[in-house]
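Asks: For the sequence shown, our numbering begins at 24 and goes up steadily by one.
Pasting a structure below so you can have a look.
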Amino acid sequence: MRNQALITGAASGLGLEFCRLLAADSYDLVMVDKHGDGLEQAAKSIQDAYGAGIKIIEKDLGLNRAAEELFAEVNLYEFDILINSAGFGLFGFFAETDWQFEESMLHLHVLNLTHLCKLVVQKMIHRGSGRIMNVSSLAAFQPGPLMNVYYASKAYIHYFSEALANEVKGTGVTVTVLLPGLFNTNFASTAASYSGSSEKKEKIVTTTVEEVARTAMKGMMKGRIRIIPGFSNKLLSLAPRFLPRNLVLSSLRRIQERIRKEERA
């Protein structure tokens, strides 16, 4: 019987790259995303390339009880790997942004991620094996003006994952948290657009989605708890610990305000 993996955010970006790597390693996949058309195209391309068994589930994990509904569709599976890769960001002052988007973000990054981990990890512990990887961000290491709910939710993923990794020691199950910086996805391109030039954008986007995915997969398979791809990102993760907090916050706010200005232009 082939190994099985459940991946959220599977239609594009990092989630799709994880699917490619797992299919190439002879895993069958359950690919979950809210974008049904993109999900079908992604699944077909992977199936054609690798011959993997694939089940696709169109599901918006930004909705209440979505994890419970998803698990009801796949509860007969014995997943060897769960990767929570779905996520999105939102720019703007908290007093001005639309609550429905922040509520959806909290359902996606916090409630449904946590619930899905609970449902899957219980079966993994009972079986005595399994790997979980949750995708956080370098944003987890500091507060983020103009993206404060996003930054706070990524901090939650970081600390929840590390604590869960500690709890499952000795069970045969491992939990990994991935904390990437900016890389070449639509999200990263938007975030980098404040520079106004491709040359500066290249300096901000420090790695590719393929590199991030490969680094993350290797680390997860080795049972590493925390993965920060790229030396420069490791240095950036230390900045909030060694620089004055007001300096970090004011610098980040200036960057975010320039992003917002470009988005509105």
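All C-beta atoms, glycine included, are put in the ideal place defined by N, C-alpha and C.
Is the beta carbon of GLY110 less than 8 Å from the beta carbon of GLY59?
Replies: Contact flag unset, no.
Asks: For PHE41, name the three-state secondary structure that DSSP assigns.
Replies: helix
Asks: Evaluate GLY193 with the Cβ neighbour count: other Cβ atoms within 10 Å of its Cβ, from every protein chain shown; 16 or more gives buried, anything less gives exposed.
Replies: exposed
Asks: Grouping DSSP H, G and I as helix and E and B as strand, with all else coil, what is VAL191?
Replies: coil
Asks: So, does the region 159-170 touch the region 99-106, judging by three or more C-beta pairs under 8 Å?
Replies: no
Asks: Taking a contact to mean a Cβ-Cβ separation below 8 Å, would you say LEU139 touches LEU93 in this structure?
Replies: yes
Asks: Quick one: give me the first and last residue of the beta strand (DSSP E) that ARG154 is part of.
Replies: 153-158
Asks: May I ask you to verify whether the region 165-175 touches the region 48-59, counting CB pairs closer than 8 Å and requiring at least 3?
Replies: no
Asks: DSSP three-state label for LEU136, please.
Replies: helix
Asks: For ASN26, write down the residues that DSSP places opposite it in a beta bridge.
Replies: TYR50
Asks: With distances taken from CA atoms, which of LEU202, GLU280, ARG268 is nearest SER260?
Replies: It is LEU202.
Asks: So the candidates are SER152, GLU126, MET147; which of them puts its Cα closest to the Cα of ALA175?
Replies: Distance from the Cα of ALA175 is smallest, within the candidate group SER152, GLU126, MET147, for GLU126.
Asks: State the Cα-Cα distance for the pair GLY76 and GLU91, rounded to the nearest angstrom.
Replies: 23 Å
Asks: Quick one: what does DSSP say LEU258 is sitting in, helix, strand or coil?
Replies: Note: LEU258 maps to helix in three-state DSSP.
Asks: Are the Cβ atoms of THR231 and ILE250 separated by less than 8 Å?
Replies: no
Asks: Look at the Cβ atom of ILE106, then the Cβ atom of ALA28, and state whether they are nearer than 8 Å.
Replies: yes
Asks: Just how far apart, CA to CA, sit LEU78 and LEU266?
Replies: The question names Leu, but residue 78 in the sequence shown is Lys. Approximately 47 Å between the Cα atoms of the pair.
Asks: When the Cα atoms are used, what is the spatial distance from PHE116 to LEU142?
Replies: 35 Å
Asks: Could you tell me which residues DSSP puts in a beta bridge with ARG249?
Replies: Answer by DSSP bridge pairing, in chain order: VAL200.
Asks: Measure from the C-beta of GLY193 to each C-beta in chain B and report whether the shortest distance is under 8 Å.
Replies: Protein chain content of the structure displayed is limited to a single chain, and chain B is not contained in it.
Asks: In its own chain, which residues sit with a C-beta less than 8 Å from the C-beta of LYS146, not counting the 5 before and 5 after it?
Replies: By the criterion of a C-beta distance shorter than 8 Å, LYS146 is surrounded in its chain by GLU101, PHE102, GLY153, once the five residues flanking it on both sides are discounted.
Asks: Give the range of the alpha helix (DSSP H) segment to which LEU62 is assigned.
Replies: 59-73
Asks: Would GLY195 and GLY151 qualify as a contact pair, given that the criterion is a beta-carbon distance under 8 Å?
Replies: yes
Asks: Can you tell me the Cα-Cα spacing of SER49 and LEU275, whole angstroms?
Replies: CA-to-CA, the gap between SER49 and LEU275 works out to about 42 Å.
Asks: In the DSSP assignment, what residue or residues form a beta bridge with VAL235?
Replies: Answer is none; VAL235 lacks a bridge partner.
Asks: Identify which residue in MET24, ALA65, ILE180, LYS177 has its Cα closest to the Cα of ARG43.
Replies: Closest in alpha carbon position to ARG43, among MET24, ALA65, ILE180, LYS177, is ALA65.
Asks: Could you tell me how far apart the beta carbons of LEU136 and ASN157 are, in whole angstroms, since I believe they sit closer than 8 Å?
Replies: Between ASN157 and LEU136 the Cβ distance is about 6 Å, and since that is below 8 Å, they are a contact.
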